[in-house]
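Engineer:
Number of protein chains: 2
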Amino acid sequence: MSIAIPLGYRMSGVHCGIKRNATREDCGLVVSDPPAVAAGVYTSNLVFAAPVAFDRARTPGEGFRAVAVNSGNANACTGERGLADAARMADLAVAAAGEGTGQALVLSTGIIGEFLPLEKIGAGLKRCAEQLGNNQESLVLTARSMMTTDTVHKLSGRTLEVGGRSVRIAGMAKGAAMIAPRMGTMLGLVLTDAALSPAAAQRALSSVVDDTFNCISVDGHMSTNDTVLLLANGAAGGSPLEGSEFERFCAALHEVCGELARAIPNDGEGATHVITLDVAGCASRDAARQIAQSVADSPLVKTAVAGGDPNWGRIISAAGYAGVPFDPRKIQLKVNGFLLYDSGAPAAFVAAEVSASIRDQRDTRIELTFGEGNGKIRFITTDLTAEYVRLNADYHT
Amino acid sequence: MSIAIPLGYRMSGVHCGIKRNATREDCGLVVSDPPAVAAGVYTSNLVFAAPVAFDRARTPGEGFRAVAVNSGNANACTGERGLADAARMADLAVAAAGEGTGQALVLSTGIIGEFLPLEKIGAGLKRCAEQLGNNQESLVLTARSMMTTDTVHKLSGRTLEVGGRSVRIAGMAKGAAMIAPRMGTMLGLVLTDAALSPAAAQRALSSVVDDTFNCISVDGHMSTNDTVLLLANGAAGGSPLEGSEFERFCAALHEVCGELARAIPNDGEGATHVITLDVAGCASRDAARQIAQSVADSPLVKTAVAGGDPNWGRIISAAGYAGVPFDPRKIQLKVNGFLLYDSGAPAAFVAAEVSASIRDQRDTRIELTFGEGNGKIRFITTDLTAEYVRLNADYHT
């Protein structure tokens, strides 16, 4: 997959020594030659990391020249020193970016509760600055610099024509566990050469994230570091997008964020199935979201899918404790198209057939329909396997 | 452990053919010779099983002669026919109990969505009636008749003196998974020969359950069948307990329910650790409960304990998304007595020491203290192991 790099950006990633394995990038730098507008969306966890505090205070805004990335250390739960370290990391990025004044934003992910190794990061950012590029390789190196337990880097891009000009959007993300809606341990960085006002950039990002990164989960554990940044440097030319051109930009941004969001549960730790959960017929979208989350977070639903088990009672009962009122006699449930439960009673189905359809493919589709209204949501999650347990019982020490 | 059987009760359990393994009891009968007062506490799942609907409509109340128990089939999500089946099961219990009129209550647990095999249960209840006893063996057989994936039966008892008379309380419970606060897939049956009015019985049971069975979890999945029943037949003599005598009865009931509740996570599916979570310093008890539940349900916290990993960042971050406001700079966290986090920053500790203390014992103690007020709660849960996943990926089909 080749992605058009938005104009005016150069980037790279290197190994600076935070991760033990020297073949793994852990430091990245993105430079925007024209100062860019930036918007951000952040974790709603009360215990948020220093880089989240730093970026949140500065977005939406303009005049950004750089984004510094590190993985292997989240700079979370690090108190006042952590805040100072995040600011210092931004300064190091501006210095590395070279000529021109401007601000930088920071993205950190990895272990919680250790202080950032700023010397390593400073040296890493300098080396990134020496090899900045605007090609596929530099894009991949940057995406790799934000990976933790991810097994693949996650990229997505779109090019669209607005006002007779080409505009490019390129996005990268990381995340494989500690993933819960609103939001997960994920980082996302979306670059565009479109011209956007800070307010429009924020509006575009906020509305798109709610539908994409906020509709995925792996394990229901919301992280301290979640951040999605959108940079718009206007290098494609033209005046800031408005009206129908802005709407078309938002639609393309939605596609990019949707692909990146789906890539996260698809790389979920130990996952053998990606579950697409369509909840419909609810009193509101919020009601649908709450039910989807309850079903998606149930270890019993997740293990049933892992075992190829059409155990619909676990799905129905997880909906029942979501805290949303509904009439249980109006529920309909399908798994991979097979009707399992209808109007409050079990449907006639061949368990072996449904079981085989779950076992034989990586994607599982659950459709849960209520009789309360038109509220609906699509939510994407993973199954739960012994491998997830093994990975997380062994990660830290 | 020998438990004094309350006067006026006879009971038994048999294998009637619901479970495949013929050495496992799946049908039980408790008969109270004097008609008993009964109180009940039930699942708050919107999708509740037929036996829950049946019992809830009749408690608190009086004139109960029998409780019929079956395991292997939950009679849940079975529609109108399920409701008729629950009523029929109660009738079969009254018939089996023999002479004297009265009502019966029913307890069912096991697979969701299949109809009760009433012929087997009718024959089983008859065989139970032929071998009713008021000894340890009959108590154990009855407790075993409610087991599903439990590896041990769960009993607790107390004898106390009130008004110059001995009063006995004997309780049994089941549960190993689909266990979440308010409440889990659990059944509890507590028998006493104390005299209680229906209202007092209900008041005693409701207040005690909130502190015991509602403070445990295994996997955060709330079941359709949770029920705790208290029967009080007054066979110990005397008039209904009031005032300080009632308070002393409640204290003993609390001990019995506390032991039974703790026995459930102790038998949690695949669990290698029982985690006692003391959350204190919150604005209210409800706030403490919400935080405790968020920490207890996090797969990342549970796998960290399984792996003997003092990964305090997972505990702090799980508190942060509980939806309860607090000042992160006032958190203190201890694990097994070791101070790991204090006033918003990591404490100095030797990871290997803490790790060894988790690994070397089955009990793990987490103390999480906030600076918001005096609200506190003790919550008991389990770790999450690959064995839990294996058990639940394979259970149904």
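Keeping their order, the protein sequence lines are chains A and B. Here our numbering is used: the first residue of the first sequence is 1, the next is one more, and so on. Here our numbering is used: the first residue of the second sequence is 398, the next is one more, and so on. Ideal Cβ positions, reconstructed from N, Cα and C, are used throughout, including at glycine.
For ALA471/B, I'd like the list of residues in its chain whose CB is within less than 7 Å of its CB, leaving aside the five on either flank, ordered along the chain.
Structural biologist: Result list for ALA471/B: ALA446, SER505, THR506, GLY507, ILE508, ILE509, THR621, ASN622, in chain order.
Engineer: Rounded to the nearest angstrom, what separates MET580/B and VAL389/A at their Cα positions?
Structural biologist: Low confidence applies to MET580/B: its pLDDT is 42, below 50, so where it sits in the model is not reliable, and the reading given next is rough at best. Approximately 25 Å between the Cα atoms of the pair.
Engineer: Using beta carbons (cut-off 8 Å, strictly below), is THR148/A in contact with chain B?
Structural biologist: So no, THR148/A is outside the interface.
Engineer: May I ask which residues mark the beginning and end of the beta strand (DSSP E) holding ILE169/A?
Structural biologist: Per DSSP, ILE169/A belongs to the beta strand (DSSP E) from 165-174.
Engineer: Taking Cβ positions only, does TYR439/B come closer than 8 Å to chain A?
Structural biologist: So no, TYR439/B is outside the interface.
Engineer: Give a yes or no on whether 8 Å exceeds the smallest Cβ distance from LEU515/B to chain A.
Structural biologist: With 8 Å as the cut-off, LEU515/B does not count as an interface residue toward chain A.
Engineer: Give me, in chain order, the residues of the same chain whose beta-carbon lies closer than 8 Å to that of SER636/B; leave out the 5 immediate sequence neighbours on both sides.
Structural biologist: For SER636/B, where only same-chain residues beyond five positions count, the Cβ hits under 8 Å are ALA592.
Engineer: Can you tell me whether GLN202/A is helix, strand or coil according to DSSP?
Structural biologist: Helix at GLN202/A.
Engineer: Residues of chain A with a CB under 9 Å from the CB of THR779/B: which are they?
Structural biologist: Near THR779/B there are no residues of chain A at all, since even the closest Cβ is about 11 Å away, more than 9 Å.
Engineer: So, VAL503/B versus MET486/B, is the Cβ gap smaller than 8 Å?
Structural biologist: A contact, by the Cβ cut-off of 8 Å.
Engineer: Identify, in the order they occur along the chain, each residue of the same chain with its Cβ nearer than 6 Å to the Cβ of GLY72/A, setting aside the five sequence neighbours on each side.
Structural biologist: So the qualifying residues of the chain are ILE18, LYS19, ASP26, GLY110.
Engineer: Would you say VAL491/B and ARG453/B are within 8 Å of each other, going by their C-beta atoms?
Structural biologist: Cβ atoms of VAL491/B and ARG453/B: not closer than 8 Å.
Engineer: For GLU666/B and LEU788/B, which I take to be in contact (beta-carbon distance under 8 Å), what is that distance rounded to the nearest angstrom?
Structural biologist: That belief holds up - the Cβ atoms of GLU666/B and LEU788/B are roughly 5 Å apart, short of 8 Å.
Engineer: Opposite ILE275/A in the DSSP bridges: which residues?
Structural biologist: Answer by DSSP bridge pairing, in chain order: THR364/A, THR381/A.
Engineer: Can we say the region 742-752 of chain B touches the region 634-654 of chain B, given the rule of at least three CB pairs closer than 8 Å?
Structural biologist: Too few Cβ pairs lie closer than 8 Å, so no.
Engineer: Please decide whether ILE713/B counts as near chain A, where near means a Cβ-Cβ distance under 8 Å.
Structural biologist: Cβ-Cβ to chain A under 8 Å: yes for ILE713/B.
Engineer: Counting C-beta neighbours from all protein chains within 10 Å, is the total for GLY371/A 16 or more, i.e. buried, or is it exposed?
Structural biologist: GLY371/A comes out exposed.
Engineer: Identify which residue in PHE451/B, GLY499/B, GLU459/B has its Cα closest to the Cα of ALA484/B.
Structural biologist: With distances taken between Cα atoms, ALA484/B lies closest to PHE451/B.
Engineer: Starting from CYS27/A, follow its DSSP beta bridges and name the residues at the other end.
Structural biologist: Partner(s): VAL14/A, ASN70/A.
Engineer: Under a three-way DSSP split, which group does THR548/B fall into?
Structural biologist: In this structure, THR548/B counts as coil in the three-state DSSP scheme.
Engineer: Chain B partners of ARG411/A, CB-CB under 9 Å?
Structural biologist: There is simply no residue 411/A to check, as chain A begins at 1 and stops at 397 in what is shown.
Engineer: With distances taken from CA atoms, which of PRO432/B, LYS731/B, ILE566/B, ASP739/B is nearest THR761/B?
Structural biologist: Comparing Cα-Cα distances from THR761/B to each of PRO432/B, LYS731/B, ILE566/B, ASP739/B, the minimum goes to LYS731/B.
Engineer: Taking only beta carbons into account, state which residues of the region 443-474 of chain B come closer than 9 Å to chain A, listed in chain order.
Structural biologist: Taking 9 Å as the Cβ-Cβ cut-off against chain A, the residues of the region 443-474 of chain B that qualify are LEU443, VAL444, PHE445, ALA471, ALA473, CYS474.
Engineer: Please tell me whether VAL14/A and GLY124/A are closer than 8 Å, where the distance is taken between their beta carbons.
Structural biologist: Cβ distance < 8 Å, so VAL14/A and GLY124/A count as in contact.
Engineer: So with CB distances below 7 Å, who are the chain A contacts of PRO725/B?
Structural biologist: Within chain A, the residues near PRO725/B are LEU46, VAL47.
Engineer: Examine the Cβ distances between the region 371-382 of chain A and the region 532-545 of chain B and report whether three or more of them are shorter than 8 Å.
Structural biologist: No: the two stretches stay apart, fewer than three of their Cβ pairs being nearer than 8 Å.
Engineer: Which complete alpha helix (DSSP H) runs does the region 671-731 of chain B hold, if anything under 4 residues is left out?
Structural biologist: Listed in chain order, the complete alpha helix (DSSP H) runs (minimum 4 residues) inside the region 671-731 of chain B are 682-694, 696-703, 709-717.
Engineer: Under a three-way DSSP split, which group does THR78/A fall into?
Structural biologist: It is coil, neither helix nor strand.
Engineer: Taking its Cβ as the centre, do 16 or more other Cβ atoms sit within 10 Å of PRO325/A, making it buried, or is it exposed?
Structural biologist: Exposed is the call here.
Engineer: Residues of chain A with a CB under 8 Å from the CB of GLY717/B: which are they?
Structural biologist: Neighbours of GLY717/B on chain A, chain order: ASN45, LEU46, VAL47, PHE48, MET222, THR224.
Engineer: Starting from the Cα of THR227/A, find the closest Cα among GLY188/A, ALA204/A, GLU119/A and give me that residue.
Structural biologist: The candidate whose alpha carbon is nearest that of THR227/A is GLY188/A.
Engineer: In whole angstroms, what is the alpha-carbon distance linking ASP590/B and ARG555/B?
Structural biologist: Roughly 12 Å between the two C-alpha positions.
Engineer: Mind pulling the chain A residues with CB within less than 9 Å of ALA742/B?
Structural biologist: Neighbours of ALA742/B on chain A, chain order: CYS77, THR78, GLY79, GLU80, ARG81, GLY82, GLY113.
Engineer: Would you please state the rounded distance, in angstroms, between the beta carbons of LEU160/A and ILE3/A? I believe it to be under 8 Å.
Structural biologist: That pair is no contact at about 13 Å.
Engineer: Give me the Cα-Cα distance between GLU137/A and CYS282/A, rounded to the nearest whole angstrom.
Structural biologist: Cα to Cα, the separation comes out at about 46 Å.
Engineer: Given GLY717/B, which residues of its chain have a CB within under 6 Å of its CB, disregarding the five upstream and five downstream residues?
Structural biologist: No residues qualify anywhere along the chain.
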